[in-house]
Structure formats: C-alpha cells, structure tokens
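Inspection log for the structure reproduced underneath, given as structure tokens.
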Amino acid sequence: MEHRKELSAFGIKSLAIFGSVARDEAGEDSDVDILVEFTSPATFNGYMDLKFFLEDLLGGPVDLVTLRSIRPKIRERIEREAQYVEGISALS
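Position one of the sequence shown corresponds to residue 8 (my numbering), numbered consecutively onward.
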C-alpha cells in the first residue's frame with residue numbers, strides 16, 4: 008500500500024469505501040464516502056486531520072464517518088455495500 012506510513016499515524020483499524028463510488032455510480036461532483044474505525048477513540052483534530060489527508064490524497068471531497076456515528080436506519084446498508092481497503096487493519 009502506497010500511503011501505509013502516513014495512514015498508520017492516524018491509528019486506523021479499518022477503512023472502507025461505500026456509497027456512489029463503491030457502487031460505481033459516482034458523478035463528477037460526487038464526494039467519496041469513507042467508513043473508518045479507529046484503534047482508539049479519535050479526537051476531533053485527529054478525525055479532521057484524517058479527513059483532510061484523504062481529501063488531498065483523493066483530490067476531492069470526502070464524507071468520513073465512523074460506525075458509531077451512523078444512524079441505525081442506514082447502518083445496515085452502509086455495512087452491506089462497504090468495500091474494505093486491504094491491509095489497513097494491520098496499520099495499528
């Protein structure tokens with residue numbers, strides 16, 4: 008993985024893409040929906056630093072969410088379509 012060293016600094020347990028990008032339905036103005044799980048509770052600054060890092064890396068807007076922040080009504084759909092990035096769980 009190309010950015011393993013940078014990502015390891017954020018204490019990521021898992022990282023997954025979901026939404027229009029995962030379904031291959033993204034348009035030119037679509038953001039990238041990313042589900043993240045941290046190895047320990049993230050601070051606001053840590054969360055925002057990861058969001059900005061991913062936006063710079065991907066070259067566009069990122070909607071970064073955690074499992075804890077997802078409303079139960081949509082959690083099942085997100086978990087069903089989530090495409091996990093391999094090798095991330097070993098970053099902690």
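We treat Cβ as the ideally placed atom computed from N, Cα and C, and that holds for glycine.
What residue ranges within the region 50-90 form continuous alpha helix (DSSP H) runs of no fewer than 4 residues, ordered along the chain? List check, alpha helix (DSSP H) in window: 51-65, 79-88.
Going by DSSP, name the residue or residues bridged to PHE17. The partner list for PHE17 (beta bridge, DSSP) is empty, contrary to what the question assumes.
Taking C-alpha atoms, which residue in PRO48, GLY67, GLN90 lies nearest to ILE19? Per the Cα distances, PRO48.
Who are the Cβ neighbours of LEU65 in its own chain at under 6 Å, not counting the five residues just before and after it? Around LEU65, the same chain offers VAL39 as residues with beta carbons nearer than 6 Å, after the five sequence neighbours per side are excluded.
How would you call GLY26, buried or exposed, if buried means at least 16 neighbouring beta carbons within 10 angstroms? So GLY26 counts as buried.
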